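>
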Amino acid sequence: MTLTSSLSLLKTEGARRFITQRHRMRIGAEWTGAVSGKSLDVTDPATGQLLARVPAGDEADVDRAVRAARDALEGPWSKMTGLERGKLITRFALRLEELADELAEIEAIDCGKPVGYAKQIDVGLSANTYHYMAGWASKVNGETVNVSTPGDFLAYTTREPVGVVAQIVPWNFPLVLTAYKLAPALATGCVAIIKPAEMTPLSTLRLAQIAEEVGFPPGVVNVVTGLGAKAGAALAEHPGVDKVAFTGSTGVGKMVARSAIESVKRITLELGGKSPMVVLPDADLSKAIPGLASAIFFHQGQVCTAGSRLFVHKSIYNEVLDGIAAEAGKLKVGNGLNAETTMGPLVSSLQLERVMGYVEQGRKAGADVVIGGSTIGSEGYFMQPTILANTTPDMSVVREEIFGPVLCAASFGDEDLDRVAAQANDSSFGLSASIWTNNLSAAHKLAKSIQAGSVWINMHHFFDPGMPFGGYKQSGWGREQGEEAIRAFTEVKSVVAAL
Ligand code: ADP
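Sequential numbering of the sequence shown, starting at 742, is according to our numbering.
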């Protein structure tokens, strides 16, 4: 294997040892290659060089994983109390915190993230999600019900684990989006088969080692690496899988839902977004401008909730665009493992090509390129933060999810708030939105009328384990995080006794 230049930038011995080891999937009690013997290359997005190889799991491996998971579901795991499961989840969360530097480096090198953000957000939010869900493990209760049928009855509900859960995760936030699925699965007594994205499987494999180390019984946390069209599709189709928790593109999410319907699996989908940011004339621009810039440029815009459509009142439109351009100018683009980097590469050459294709479409459709619009250098997959101004609702850059550092900006006039909300809602997506104003009444009126699963006021990108997360319209089905996640990983049983 070629030693890439990024490997030499690693500071933790743990990350170096892990990345350069021979990678195996975790199925039941085994660390194993694919039945086919095939493997997949994992590329370092900062250099374009080979970083690691992982097994290319397919139907045969998924089948093994489903059997191991089912055995675990009926084994000692099912006898543990919620409190005992909660203690294990806490131990897991604490271990992630202890290993934060190493995990952050693995995530940074694999995804092309600034390592400081990876530590704070990817590892920090993941660990907090496990801590939060550990508390729920002992509180998964049913209720007694006063039935309406005359007579003497004792009626109550219980919540049971939904069973074997396939967790299909994308490449932008592997640790976090796994935590959103794995933490409630463990809290409710389910068992998991995680399928990380083919481009970024490394942190998930490390997670499975940590799960083994802290004492989760074999078969509770399985990881099958492989292509989406092979391993992912096999999981969505497998009759032994009870639920699919999917995060990824809307197109693939629809395919997963179609496959899953065959055996009427439970499904949650967290899909694409095209999140609007509405800036009213009284907004505090000293806070709004850096907030808006980070909403679109954070993680190179490869975030499902990226603030990608900006609507600004005409009286402050130029000032806001100039301000965001100035913020973009402060970004330090480079290898995520360098401490000073604040913007890394895009994840792959294909992604870079797709995003640049959108910039070209925007240009041709008449948008003004205020800043950026070009790739950077010849090594790795870097591009400039980009602002397209005077975009209109019919442009593909406004309608489709770009998943790159490209902001589409437009102004509005003195129309009423309903008209402004209608512009924000003119999208097939409805994942998140932000509103920037000091007018309390306007803020909450807009929060009510904007169709989005998360609405943020005077900020963007607020994630908390207690706040439900998911989308309206084509942004998804169901919610992750909070008590909603506990519901989504349990079946309700109604029990009635005639007394
Ligand atoms: P993104 O655009 O973020 O990569 P994708 O929807 O392509 O989103 O991928 C998200 C996850 O879905 C990845 O783990 C990928 O391997 C998986 N995936 C891709 N195609 C399929 C498929 N046909 N069936 C199931 N999973 C898939």
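All C-beta atoms, glycine included, are put in the ideal place defined by N, C-alpha and C. No experiment lies behind these values; they were computed from the predicted model shown.
Short of 7 angstroms in beta carbon distance, which residues of its chain neighbour N1180, apart from the five on each side in sequence? Order them along the chain.
L1021, D1023
> Could you tell me the distance, in whole angstroms, from the CA atom of G1171 to the CA atom of V1161?
15 angstroms
> If you drop the 5 nearest sequence neighbours on each side, which residues of the same chain put their C-beta closer than 8 angstroms to that of V906?
K922, A926, C931, V932, A933, I934, V982, D983, K984, V985, A986, F1230
> Establish whether the CB of W1177 and some CB of chain C are separated by less than 8 angstroms.
Chain labels in this structure do not include chain C; a single protein chain is all it has.
> Could you tell me which residues DSSP pairs with N963 in its beta bridges?
I934
> Regarding V997 and ligand 1, is the C-beta to nearest heavy atom distance less than 7 angstroms?
yes
> Measuring straight from C-alpha to C-alpha, what distance separates I1143 and V917?
21 angstroms
> Rounded to whole angstroms, what is the Cα-Cα separation between W912 and A938?
If you take the alpha carbons of W912 and A938, they lie about 5 angstroms apart.
> For ligand 1, is there a heavy atom less than 7 angstroms away from the beta-carbon of V993?
yes
> Given a threshold of 16 other Cβ atoms within 10 Å of its Cβ, counted over all protein chains shown, does P959 qualify as buried or as exposed?
buried
> Measuring only from the beta carbon, is K936 closer than 7 angstroms to any heavy atom that is part of ligand 1?
The answer is yes for K936.
> Since I believe N1076 is in contact with L750 (beta carbons under 8 angstroms), could you give me their beta-carbon distance rounded to a whole number of angstroms?
6 angstroms
> Give the single residue among V1019, I1008, F1153, F1052 whose Cα lies nearest to the Cα of G1217.
I1008
> Can at least three beta-carbon pairs, one atom from the segment 944-960 and one from the segment 778-787, be found at a separation below 8 angstroms?
no
> At a cut-off of 7 angstroms, is E939 close to ligand 1 when judged by its beta-carbon and the heavy atoms of the ligand?
yes
> Just to check, is the beta-carbon of V910 closer than 7 angstroms to a non-hydrogen atom of ligand 1?
yes
> Between the segment 966-979 and the segment 787-805, do at least 3 Cβ pairs fall closer than 8 angstroms?
yes
> One question on the structure: do A928 and M996 come within less than 8 angstroms of each other, judged by their Cβ atoms?
Not closer than 8 angstroms, so no.
> Are G892 and L814 closer than 8 angstroms when you measure CB to CB?
Cβ distance not < 8 angstroms, so G892 and L814 don't count as in contact.
> With C-beta atoms as the reference, is A1150 less than 8 angstroms away from L1062?
yes
> Run the CB neighbour count on L744, radius 10 Å, all protein chains shown included, and call it buried at 16 or more, exposed below.
Confidence in L744 is poor, its pLDDT being 48 and thus under 50, which makes the residue's placement unreliable; the coordinate value appears in the next sentence. Classification for L744: exposed.
> Expressed to the nearest angstrom, what Euclidean distance is found between the alpha-carbon atoms of M1208 and Q1222?
6 angstroms
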